[in-house]
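Numbering (our numbering), first residue to last: 461 to 809. Idealized CB from N, CA, C, for every residue including glycine.
Below you can see the structure in the form of structure tokens.
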């Protein structure tokens with residue numbers, strides 16, 4: 461069992477490791493009572509230590525790899541359900557693996573009949589969520605039966621086999637998923653993938669983490685090589701210690717070389733070319749002198765006010781808005797704000 465060697469086979473210590481995670485996918489075959497760790501997995505799922513962790517049971521959906529008959533997939537769903545699993549994870553869930561829309565909808569239905577949410581993994585979101593006619597895999601143009609209770613895994617998110625992902629590919633896929641998500645309501649999780657050297661990079665993980673935050677992923681993680689199947693060890697990785705806020709003001713937006721998004725507590729930014737990232741905390745920006753709005757030296761916060769900032773025009777100062785629109789969360793005028801052919805945009809609170 462994962463981390464068994466670390467804890468000398470002590471199940472309670474192993475279960476405590478699993479309890480550190482919000483979501484866990486349990487491996488292929490554990491649902492079979494012939495598997496050596498089947499009984500331990502049942503104990504894990506029913507342990508008081510792991511009640512706050514959501515577990516998904518793995519099933520391969522493809523017809524090109526395992527090619528499980530529909531009857532066997534239904535049996536495996538039932539086996540996972542009997543163990544106390546929280547949901548079903550369907551891997552290889554796309555046309556390239558021979559999975560038609562009819563097969564997708566049928567096996568989704570097996571899980572939903574057991575009141576189990578579905579978590580799917582496939583490279584092409586349009587083949588999972590779209591209803592476009594495909595002559596072989598969706599000739600009738602059937603829609604998906606996935607709903608707002610379900611999940612999608614964006615595998616190799618920003619880091620693919622240990623390398624930075626192409627910026628254009630990342631942005632196109634992230635935006636496509638966001639569009640499907642807005643119409644269907646499913647949640648997105650993401651994970652990096654690693655090379656055989658299996659080296660952990662905190663910088664790359666944080667880059668992934670900020671990218672997941674930018675698109676409001678339900679969860680994200682660092683994927684060790686083959687997801688720890690060869691080492692049996694899955695260390696918990698520390699995440700950035702920031703307070704990003706509780707709500708977004710806008711969708712991810714391109715600003716120069718960065719993709720940014722504002723929250724009620726600051727600005728998330730990621731540069732997919734320079735592979736840099738960060739979070740700018742919201743502040744109170746008070747005018748220190750008269751002059752133009754878009755002069756960073758004008759403000760007590762040391763920058764041009766952002767849409768997440770509270771702005772104060774100080775008594776005795778006149779600030780002119782002329783070169784571009786002004787942004788703020790709140791605006792308090794003790795002095796004078798002069799607007800010339802521009803507008804003042806206030807973010808929702």
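Under the three-state reduction of DSSP, residue 721 is assigned to strand.
Nearest to residue 695 by C-alpha distance, out of 659, 670, 673, is 659. Comparing alpha carbon positions, the residue from 530, 632, 791 closest to residue 571 is 530. The DSSP-derived three-state label of residue 746 is strand. Nearest neighbour of residue 515 by Cα position, chosen from 533, 480, 689, turns out to be 480. Remark: C-beta atoms of residue 674 and residue 721 approach each other more closely than 8 Å. Under the 10 Å beta carbon count, residue 625 is surrounded by 16 or more other beta carbons and is classified as buried. Closest option to residue 786, judged by alpha-carbon separation, among 795, 794, 776, 771: 771. Where residue 805 is concerned, the enclosing beta strand (DSSP E) starts and stops at 804–806. Taking the CA atoms as reference points, residue 646 sits about 5 Å from residue 611. Taking the CA atoms as reference points, residue 533 sits about 14 Å from residue 576. Only residues of its own chain outside the window of five on either side were considered, and among them 565, 568 have a CB closer than 6 Å to the CB of residue 605, listed in chain order. Under the three-state reduction of DSSP, residue 770 is assigned to strand. C-alpha of residue 689 to C-alpha of residue 792: approximately 57 Å in a straight line.
Short of 6 Å from the beta carbon of residue 601, and not among the five residues preceding or following it, lie these beta carbons of its own chain, in chain order: 591, 593. The Cβ atoms of residue 550 and residue 519 sit closer than 8 Å to each other. The beta-carbon distance between residue 747 and residue 759, rounded to whole angstroms, is 6 Å. This is short enough to meet the 8 Å contact definition. Judged by DSSP secondary structure, residue 588 falls outside any beta strand (DSSP E) and instead within the alpha helix (DSSP H) spanning 585–589.
Put simply, the backbone Cα of residue 687 is about 19 Å away from that of residue 667.
For the 8 Å CB-CB criterion, residue 560 and residue 598 form a contact.
For residue 471, the enclosing alpha helix (DSSP H) begins and ends at 471–478. With a contact defined as Cβ atoms closer than 8 Å, residue 739 and residue 799 miss out at about 30 Å.
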